[in-house]
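*Asks:* My questions all concern the structure below.
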Amino acid sequence: MSEGAAKKEEKPGKFQAIRGTRDLLPPETALWNRVEQTAREIFGTFGYGEIRPPIFEPTELFARAVGGETDIVSKEMYTFVDRSEKLELHTSIGNLGVFLQKVRQLYKSGEISQESQDQMGLELVENQSKKVNDLLAGTSKSEDASRDIYTLIMLFEALRLGNDISLRPEATASACRAYIEHNMQQLPQPVKLYYMGPMFRRERPQKGRYRQFYQIGAEVLGGTDAPAIDAEVIEMVMTFFEKLELKGVQLSVNSIGCRECRPKYVELLRAELLKVKDKLGPDSQRRIDTNPLRVLDSKVKEEQAIIEKLPRIGDHLCKQCADHYAAVKRELDLRGVKYRENWRLVRGLDYYMRTTFEITAQGLGSQDAVCGGGRYDGLVELLGGPPTKGIGFAIGEDRLILSLQESGKAPVAQGRDVYIAWMGENARGTAVRAAKALRSAGFSVELPPVEQKFGKALGQADKLGAKYALILGDNEVTSGEWTLKTLADGTQQKLTEPQLLDFLRKS
RNA sequence: GUGGGAGUAGCUCAGCUGGUAGAGCGUCGGUCUGUGGCACCGAAUGUCGCGGGUUCAAGCCCCGUCUCCCACCCCA
5 MSEGAAKKEE KPGKFQAIRG TRDLLPPETA LWNRVEQTAR EIFGTFGYGE
55 IRPPIFEPTE LFARAVGGET DIVSKEMYTF VDRSEKLELH TSIGNLGVFL
105 QKVRQLYKSG EISQESQDQM GLELVENQSK KVNDLLAGTS KSEDASRDIY
155 TLIMLFEALR LGNDISLRPE ATASACRAYI EHNMQQLPQP VKLYYMGPMF
205 RRERPQKGRY RQFYQIGAEV LGGTDAPAID AEVIEMVMTF FEKLELKGVQ
255 LSVNSIGCRE CRPKYVELLR AELLKVKDKL GPDSQRRIDT NPLRVLDSKV
305 KEEQAIIEKL PRIGDHLCKQ CADHYAAVKR ELDLRGVKYR ENWRLVRGLD
355 YYMRTTFEIT AQGLGSQDAV CGGGRYDGLV ELLGGPPTKG IGFAIGEDRL
405 ILSLQESGKA PVAQGRDVYI AWMGENARGT AVRAAKALRS AGFSVELPPV
455 EQKFGKALGQ ADKLGAKYAL ILGDNEVTSG EWTLKTLADG TQQKLTEPQL
505 LDFLRKS
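The opening position of the first sequence corresponds to residue 5 in the numbering used here, with each subsequent residue numbered one higher.
As structure tokens, then:
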């Protein structure tokens with residue numbers, strides 16, 4: 005019986021990343037860094053600044069932004085109560101005074117959930133408390149003191165500590181919240197922001213869809229809704245993708261009208277859909293009620309011919325919207341941005357209006373959109389801010405990376421510049437100093453922690469993909485001339501420390 | 001949430017109609033204590049995803065469950 009076997013018995017069950025999450029590891033993370041760095045560069049050239057909103061926000065913020073009707077709020081967000089303890093309820097009359105004291109404190113320190121505060125303000129608590137105190141002190145004038153106590157207890161039963169918060173499913177709502185919170189309407193308009201980071205959605209994973217996924221996005225808030233802004237936003241994403249050499253990029257654009265013309269079109273569409281209802285599948289039939297626009301992006305083959313004959317929103321835009329859309333297209337042409345019009349491109353949520361766009365790339369299976377965006381002029385106001393124009397997009401970074409990998413753009417493992425092959429205690433100190441000098445000059449250096457056989461050291465250098473091996477033994481320490489071996493061709497040369505640094509800088 | 005496919009060594013996978021677990025690559029060691037890639041030799045690593053059932057006997061058959069993949073739903 006080996007020790008290993010005995011230990012195994014005590015080994016706890018394996019931990020693994022929870023469903024829909026994963027580790028990003030080297031060398032893949034090098035690609036992630038390149039993508040993110042490129043985004044910073046490009047967005048910077050368009051005058052955008054970075055915003056880093058919190059990972060979680062009140063559930064209500066996201067719920068209001070997406071409009072509480074869809075599945076999104078009900079089951080696709082990671083929602084929890086940030087402090088789920090319950091108030092210990094003292095039902096005996098004698099303790100009630102202490103309990104009330106505590107409730108009052110909690111109110112003042114803001115630890116009662118917003119929901120509970122809405123139901124039962126501090127005023128009500130004070131009011132009821134006073135009655136109870138009077139009762140306890142025997143000075144009650146209430147005819148029905150026991151009923152007051154009962155009411156109070158019932159109210160406290162419903163009292164909850166902690167607020168509903170959610171992990172952010174997207175960042176647009178946060179950006180808008182921040183715009184309002186920091187009075188950014190007083191800055192020069194428009195305010196141009198970009199962000200990148202993890203988002204969370206409680207969905208069934210599939211290709212390019214994870215529960216913790218990453219987005220890179222940008223928002224333009226405030227100022228005008230001039231078509232040039234729409235076009236420049238799109239131009240920026242396309243420039244970014246070009247710089248990354250993303251393959252098979254296709255931009256689709258559309259206009260979905262405004263609060264004036266869209267509802268009329270939706271009703272027309274609904275009426276037309278009802279005429280052909282029995283030819284549609286169950287999903288589409290359901291959408292006639294819930295969200296007729298979404299029938300347009302049905303993937304069911306048999307429905308395609310029917311959908312093509314439906315009325316198109318482009319023919320039903322109001323004059324302002326039609327003009328705006330035409331101008332956006334002109335501005336895109338002006339910038340040399342190639343696009344395809346897709347009248348069936350709709351966004352799922354109410355707050356989108358006018359310009360919508362989507363970018364697809366190759367190698368992504370059925371989830372092939374890498375970027376989606378659009379104009380959302382009413383959103384800031386909906387969240388309690390001033391009337392504000394807005395437009396933005398979000399890039400699915402996971403999918404972007406996936407597409408880059410599929411097209412063979414994956415980076416190679418990062419090698420070291422120099423591997424220090426040192427031998428003997430005499431060389432040890434020299435090796436440490438050499439490593440320090442080389443690293444501070446910016447080179448990546450591998451310094452073996454323990455002495456190795458020389459042949460093995462070179463073998464390690466090779467496996468790690470080092471460009472050079474710096475050989476330090478008794479000879480080098482005595483003479484002060486170090487040996488540098490070029491691994492690729494096996495040549496070597498003798499160099500003093502300054503010569504070595506000089507040589508490496510030039511190579 | 002729904003449907004289909006799949007889980008065997010670190011990785012890629014083989015394993016016949018049930019009969020006690022294998023290869024290649026990788027890792028580590030040796031040949032080889034001042035010269036790497038090559039070659040040869042050797043070693044380690046598996047509760048065959050997990051739990052239950054059938055059987056004298058289960059990686060293989062049955063049931064459940066978890067995870068992954070693909071698609072649907074949804075899509076911020």
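We put the CB at the ideal spot given by N, CA and C, even for glycine.
1. Beta strand (DSSP E) containing VAL481: first to last residue?
2. Quick one: residues in its chain with C-beta nearer than 6 Å to the C-beta of ALA9, no 5 flanking neighbours on either side, listed in chain order?
3. Just mark VAL70 as buried or exposed, buried being the case when its beta carbon has 16 or more other beta carbons within 10 Å.
4. Can you check which of these residues, ILE22, ASP122, LEU171 and ARG56, is closest to TYR82 by C-alpha distance?
5. According to DSSP, is PHE361 part of a helix, a strand, or is it coil?
6. Assuming the contact rule is C-beta atoms closer than 8 Å, VAL436 and LEU474 should be a hit. Round their C-beta distance to whole Å, please.
7. Below 8 Å, how does it come out for the segment 306 to 318 and the segment 251 to 271: are there three or more Cβ pairs, yes or no?
8. How is the beta strand (DSSP E) around SER256 delimited, first residue to last?
9. Return the first residue and the last residue of the alpha helix (DSSP H) that GLY503 is part of.
10. Would you decide whether MET200 is buried or exposed? Buried here means 16 or more other CB atoms lie within 10 Å of its CB.
11. Quick check for students: name the residue ranges of the alpha helix (DSSP H) that lie wholly in the segment 362 to 404, counting only runs of 4 or more.
12. THR487 lies in the alpha helix (DSSP H); which residues open and close that run?
13. Where do the N-terminal and C-terminal ends of the alpha helix (DSSP H) with GLY70 fall, by residue?
14. Measure the alpha-carbon distance for LYS510 versus LYS251 and round it to whole angstroms.
15. Since TYR198 is in the beta strand (DSSP E), which residue starts that stretch and which ends it?
16. In or out: LYS134 buried (at least 16 other Cβ within 10 Å) or exposed?
17. Can you give me the start and stop residues for the alpha helix (DSSP H) that ALA232 sits inside?
18. What are the boundary residues of the beta strand (DSSP E) that includes PHE217?
19. Between which two residues does the beta strand (DSSP E) containing LEU171 stretch?
20. Helix, strand or coil for TYR355? Go by DSSP, reduced to three states.
21. Excluding the 5 residues flanking ARG403 on each side, which residues of the same chain have their C-beta closer than 6 Å to its C-beta?
22. What's the call for LEU351, buried or exposed, on a 16-neighbour Cβ count within 10 Å?
23. Between which residues of its own chain and ASP466 is the CB-CB distance below 7 Å, once the five residues before and five after are set aside?
24. What first and last residue would you give for the beta strand (DSSP E) that runs through ILE310?
25. Within the segment 419 to 473, note down every full beta strand (DSSP E) run reaching 3 residues or more, in order along the chain.
26. Exposed or buried, what is GLY376 when buried is set at 16 or more other beta-carbons lying within 10 Å of its beta-carbon?
27. Counting only the same chain and skipping the five closest in sequence on each side, list residues whose C-beta sits under 7 Å from that of GLU14.
28. So, helix, strand or coil for GLY8, using DSSP?
29. Measuring only the C-alpha atoms, how far is GLN512 from ARG87?
30. By DSSP, does VAL350 sit in helix, in strand, or in coil?
31. Apart from the five residues on each side of it in sequence, which residues of its chain come closer than 6 Å, Cβ to Cβ, to VAL449?
32. Roughly how far, in whole angstroms, is the beta-carbon of THR359 from the beta-carbon of ILE395, given that I think they are within contact range, below 8 Å?
33. Any idea what DSSP makes of VAL270, helix, strand or coil?
34. Cβ atoms of GLY378 and ILE180: under 8 Å apart, would you say?
35. Using DSSP with H/G/I as helix, E/B as strand and the rest coil, what is LYS342?
36. Give the DSSP-derived three-state secondary structure of THR548 in the structure shown.
*Replies:* On the basis of the supplied data:
1. From DSSP, VAL481 is part of no beta strand (DSSP E) but of the alpha helix (DSSP H) over 478 to 483.
2. Legend: pLDDT at ALA9 = 31, less than 50; position of this residue unreliable, no value from coordinates given.
3. buried
4. LEU171
5. strand
6. The Cβ separation is near 12 Å, so there is no contact.
7. yes
8. 254 to 259
9. Strictly speaking, residue 503 in this sequence is Gln, with Gly absent from that position. Note, GLN503: alpha helix (DSSP H), 501 to 510.
10. buried
11. 383 to 386
12. Looking at the DSSP string, THR487 is not in any alpha helix (DSSP H); the run it does join, the beta strand (DSSP E), is 486 to 490.
13. The sequence given here places Val at residue 70; Gly does not occur at that position. 63 to 70 is the extent of the alpha helix (DSSP H) around VAL70.
14. 35 Å
15. 195 to 204
16. exposed
17. 231 to 248
18. 216 to 225
19. 168 to 171
20. coil
21. GLY212, LEU368 and VAL374
22. Checking the displayed sequence, the identity of residue 351 turns out to be Arg instead of Leu. Under this definition ARG351 is a buried residue.
23. LEU491
24. Careful: ILE310 lies outside any beta strand (DSSP E), inside the alpha helix (DSSP H) at 308 to 312.
25. 422 to 426
26. buried
27. Caution is warranted here: a pLDDT of 35 is assigned to GLU14, below 50, making its placement in the model unreliable, and no coordinate value can be reported.
28. The pLDDT assigned to GLY8 is 30, lower than 50, so where the model puts this residue is not dependable; a value taken from the coordinates is nonetheless given after this. Three-state DSSP puts GLY8 in a helix.
29. The structure shown does not extend to residue 512, since the chain is modelled only from 5 to 511, so the question has no answer here.
30. coil
31. VAL422, ALA439, LEU442 and ARG443
32. 7 Å
33. helix
34. The question names Ile, but residue 180 in the sequence shown is Cys. No, these two residues do not count as a Cβ contact at 8 Å.
35. coil
36. Only positions 5 to 511 of the chain appear in the structure, and residue 548 is not among them; the question remains open.
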